[in-house]
Amino acid sequence: MDTSWHDSSSDRRHTRHRVLSLITRHAIVEELAEFGAAVHICARNQEDIDKCLEEWKIKGFHITGSACDVLSPDQRQNIMQTVSSNFHGKLNILINNVGTTAPKSLIDYTLEDVTKIMGTNFESSYHLCQLAHPLLKASGYGSIVFISSIAGLKAFPHSSVYASSKGAMNQFTKNIAFEWAKDNIRANAVAPGPVKTPLVESLMVCVFVKRLYIL
Ligand SMILES: NC(=O)c1ccc[n+]([C@@H]2O[C@H](COP(=O)([O-])OP(=O)(O)OC[C@H]3O[C@@H](n4cnc5c(N)ncnc54)[C@H](OP(=O)(O)O)[C@@H]3O)[C@@H](O)[C@H]2O)c1
Numbered sequence: 001m002d003t004s005w006h007d008s009s010s011d012r013r014h015t016r017h018r019v020l021s022l023i024t025r026h027a028i029v030e031e032l033a034e035f036g037a038a039v040h041i042c043a044r045n046q047e048d049i050d051k052c053l054e055e056w057k058i059k060g061f062h063i064t065g066s067a068c069d070v071l072s073p074d075q076r077q078n079i080m081q082t083v084s085s086n087f088h089g090k091l092n093i094l095i096n097n098v099g100t101t102a103p104k105s106l107i108d109y110t111l112e113d114v115t116k117i118m119g120t121n122f123e124s125s126y127h128l129c130q131l132a133h134p135l136l137k138a139s140g141y142g143s144i145v146f147i148s149s150i151a152g153l154k155a156f157p158h159s160s161v162y163a164s165s166k167g168a169m170n171q172f173t174k175n176i177a178f179e180w181a182k183d184n185i186r187a188n189a190v191a192p193g194p195v196k197t198p199l200v201e202s203l204m205v206c207v208f209v210k211r212l213y214i215l
């Protein structure tokens with residue numbers, strides 16, 4: 001594969017895509033890197049990031065990363081500045097994957113829970129899209145991918161705040177696609193069902209989640 005940097009939108013297959021992936025999940029990052037994309041990742045802990053970067057360096061991938069707690073607006077701005085400087089002011093793909101939850105009955109959620117879950121899952125991705133807009137536009141063909149959830153489409157127990165954050169994300173995807181089509185920026189949401197990851201393992205105390213795996 002030709003991985004040279006050039007911007008002719010008529011020849012996208014031969015352009016190295018610049019991707020900001022708000023995750024350290026190996027599967028998505030490695031898939032993109034295998035296609036020759038330059039990827040910048042984020043998580044909260046720099047040591048975790050560095051461990052992943054070491055592995056990926058050995059594999060010859062073009063991946064960088066920096067710590068960012070997406071609940072902090074300042075840290076969101078910092079990571080976008082880093083990306084802008086790494087990728088020469090251009091970004092082809094923004095992947096909003098960060099997510100959190102805590103299983104509780106609707107009546108038991110505190111305002112702090114709501115602020116944390118909505119802030120992590122929805123508000124941060126809203127703000128990051130705003131920050132990424134000039135970079136996505138400058139690339140000539142930008143794409144935003146939201147990792148939503150089936151919980152944003154259907155009602156499940158013990159997930160009212162998480163589900164609301166993903167429902168908001170689904171609607172926001174449509175608004176972005178509508179407003180930014182003129183800038184050649186696409187937006188899509190992926191809505192997976194249950195996948196056994198650390199996030200789901202942390203929910204295994206919940207009888208309903210356990211049942212999903214037994215069925
Ligand atoms: N697993 C499922 O069944 C399932 C189903 C549907 C949708 N999803 C969605 O898929 C996405 C990924 O989830 P996962 O299942 O892969 O869970 P995961 O392994 O726990 O990954 C969550 C990611 O979010 C990051 N994160 C959480 N809070 C953060 C914060 N404040 N700042 C920066 N990063 C933060 C974590 O990074 P650090 O902890 O390293 O900082 C981690 O990389 C989420 O949006 C989730 O809602 C998952």
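Each residue of the sequence shown is one higher than the one before, starting from 1 at the first, in my numbering. C-beta atoms are modelled at their ideal positions from N, C-alpha and C, and glycine is treated no differently.
Asked: Neighbour-count burial assignment, Asn96, 16 or more Cβ in a 10 Å radius; Found: buried
Asked: Own chain partners of Leu111 with C-beta closer than 8 Å, once the 5 adjacent residues on each side are dropped; Found: none
Asked: Inter-residue spacing [alpha-carbon to alpha-carbon] between Leu91 and Asp74; Found: 20 Å
Asked: C-alpha gap between Ala38 and Ile93, whole angstroms; Found: 10 Å
Asked: Any non-hydrogen atom of ligand 1 closer than 7 Å to Thr120 Cβ; Found: yes
Asked: Residue range of the alpha helix (DSSP H) that includes Phe172; Found: 160-180
Asked: Close-in-space but distant-in-sequence residues of the same chain around Ile79 (CB under 7 Å, 5 per side omitted); Found: Cys42, Ser66, Cys68
Asked: When Ser84, Leu136, Pro134, Ser164 are compared against Gly119, the one with the closest alpha-carbon; Found: Ser164
Asked: Element boundaries [alpha helix (DSSP H), containing Thr115]; Found: 111-118
Asked: Given 8 Å, three or more beta-carbon pairs between the region 184-200 and the region 134-144; Found: yes
Asked: Contact test: Ser149 Cβ vs ligand 1 heavy atom, cutoff 7 Å; Found: yes
Asked: Nearest neighbour of Arg18, chosen from Ala138, Lys196, Ile176, Glu201 [CA to CA]; Found: Ala138
Asked: heavy atom of ligand 1 below 7 Å from Ala168 C-beta; Found: no
Asked: Val218: first and last residue of the uninterrupted alpha helix (DSSP H) it sits in; Found: What the structure shows of the chain is the stretch from 1 to 215, and residue 218 is not part of that stretch, so it cannot be assessed.
Asked: Whole-angstrom distance between Thr115 and Ser72, CA atom to CA atom; Found: 12 Å
Asked: Among Asn86, Leu203, Lys154, nearest to Leu135 - alpha-carbon criterion; Found: Asn86
Asked: Where Ala33 falls: helix, strand or coil (DSSP); Found: helix
Asked: Inter-residue Cα distance where the pair is Lys51 and His26; Found: 12 Å
Asked: Any chain C beta carbon closer than 8 Å to Ser139; Found: Among the chains of the structure shown, chain C does not appear; only one protein chain is present.
Asked: Proximity below 8 Å, CB of Tyr109 to CB of Val161; Found: yes
Asked: Pairwise C-alpha distance: His62 and Lys166; Found: 31 Å
Asked: Candidates Gly36, Phe35, Glu30: closest to Leu53 by CA position; Found: Glu30
Asked: Alpha-carbon spacing of Ala33 relative to Pro157, whole angstroms; Found: 37 Å
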